[in-house]
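Novice:
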Amino acid sequence: MAANSGPNTDTNVTSTDPPPWHAAYPVPRCANPPSIDREEVLAMMAQSGNVAGRDYLLVDLRRADHKGGSIRGSLNLPAQSLYVAIPTLYQLVKAAGVHKVIWYCSQSRGRGPRAAGWFHDYLTDQGDNEVQSLVLLQGITGWAAAGNHYTDWMDDYDPSAWKES
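Below you can see the structure in the form of structure tokens.
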């Protein structure tokens, strides 16, 4: 069998690098899940009738880079262990009557869209049109950079974690 001498255009990984964590799971069928901006999330949070965990669920997907705080009411489910937990999470979401699951990571360019895509796929497979799977645009980094109006809505906010090095 001849070795492929051409460049690997999918990733810039050499043959000695381990595969990324998500390679063990299927690529989401929903490649571009719907998104939500921080202004809309903050408005939802500020409305007295909306309660995190009841009307919506914020899921922080960070693991090793979990620093600087989380958006108030978020559940930390590291992306690396999420895929196998999706059926259980779905049952909890349905039992609680949650209608929006909002996923975020550092910048919501990798883990956030991947998790939202997986959950969207699961919703589709269940024939569920009542629950939305949404990516928070710009992730927690965009939230923290947007100023005090947003950081006031963070738990364990640490401004030093958000300063550029």
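The numbering of the sequence shown is this note's numbering, which starts it at 254 and goes up by one. Just so you know, even glycine gets a beta-carbon here, dropped at the ideal spot from N, CA and C. Owing to the predicted nature of the structure, the values given are computational and were not obtained by experimental measurement.
Using the three-state DSSP reduction, which class does VAL354 fall into: helix, strand or coil?
Specialist: Mapped onto the sequence shown, residue 354 falls at position 101. Reduced to three states, the DSSP call for VAL354 is strand.
Novice: Label HIS402 either buried or exposed according to how many other C-beta atoms from any shown protein chain fall within 10 Å of its C-beta, with 16 as the threshold for buried.
Specialist: Working through the sequence shown from its first residue, we reach residue 402 at position 149. Result: exposed.
Novice: Could you give the distance in angstroms between the alpha-carbon of SER334 and the alpha-carbon of TRP356?
Specialist: Residue numbering aside, residue 334 sits at position 81 when the sequence shown is read from its first letter. Residue numbering aside, residue 356 sits at position 103 when the sequence shown is read from its first letter. Taking the straight line from one Cα to the other gives about 14 Å.
Novice: Compare the Cα-Cα distances from SER327 to each of ASP308, VAL337, TYR336 and CYS283 and report the closest residue.
Specialist: Here residue 327 refers to the residue found at position 74 of the sequence shown. Checking every option, the nearest Cα to that of SER327 belongs to ASP308.
Novice: When you compare the segment 395-410 with the segment 369-379, are there three or more beta-carbon pairs, one atom per stretch, that lie closer than 8 Å?
Specialist: Counting Cβ pairs under 8 Å, fewer than three are found: no touch.
Novice: From LEU330 to GLY322, what does the alpha carbon distance come to, in whole angstroms?
Specialist: Here residue 330 refers to the residue found at position 77 of the sequence shown. Here residue 322 refers to the residue found at position 69 of the sequence shown. One C-alpha to the other measures close to 14 Å.
Novice: Given a cut-off of 9 Å, decide if TYR343 and ASP247 are closer than it, judged by their beta-carbon atoms.
Specialist: Past the boundaries of the shown model lies residue 247; the chain is included only from 254 to 418, so the question cannot be answered.
Novice: Under a three-way DSSP split, which group does GLN385 fall into?
Specialist: Position 132 of the sequence shown holds residue 385. Of the three classes helix, strand and coil, the one that applies to GLN385 here is strand, per DSSP.
Novice: Relative to the C-alpha of VAL337, which residue among CYS358, VAL346, ASP378 and TYR278 is closest?
Specialist: Residue numbering aside, residue 337 sits at position 84 when the sequence shown is read from its first letter. The candidate whose alpha carbon is nearest that of VAL337 is TYR278.
Novice: Starting from the N-terminal side, write out each stretch of the alpha helix (DSSP H) that is 4 residues or longer and does not extend beyond the segment 265-340.
Specialist: Segments of the alpha helix (DSSP H) lying fully in the segment 265-340: 291-299.
Novice: I'd like the list of long-range same chain contacts for ALA284, defined as Cβ closer than 7 Å, with 5 residues on each side in sequence excluded.
Specialist: Position 31 of the sequence shown, counted from the start, is the residue given in the question as residue 284. So the list reads GLY370, once near-sequence residues are dropped.
Novice: Count the other CB atoms, across all protein chains shown, that sit within 10 Å of the CB of LYS416; report buried if there are 16 or more and exposed otherwise.
Specialist: By 1-based counting over the sequence shown, the position of residue 416 is 163. Burial call: exposed.
Novice: State the DSSP-derived secondary structure class of ASP408, mapped to helix, strand or coil.
Specialist: Working through the sequence shown from its first residue, we reach residue 408 at position 155. Three-state DSSP puts ASP408 in a strand.
Novice: Going by the beta-carbon positions, is the gap between LYS353 and MET298 smaller than 9 Å?
Specialist: Sequence index remark: in the sequence shown, residue 353 carries index 100 (1-based). Sequence index remark: in the sequence shown, residue 298 carries index 45 (1-based). Result no, Cβ atoms of LYS353 and MET298 do not sit closer than 9 Å.
Novice: For a quick check, are the C-beta atoms of ILE324 and SER359 less than 9 Å apart?
Specialist: In the sequence shown, residue 324 corresponds to position 71, counting from 1. In the sequence shown, residue 359 corresponds to position 106, counting from 1. Not in contact: ILE324 and SER359 (Cβ atoms no closer than 9 Å).
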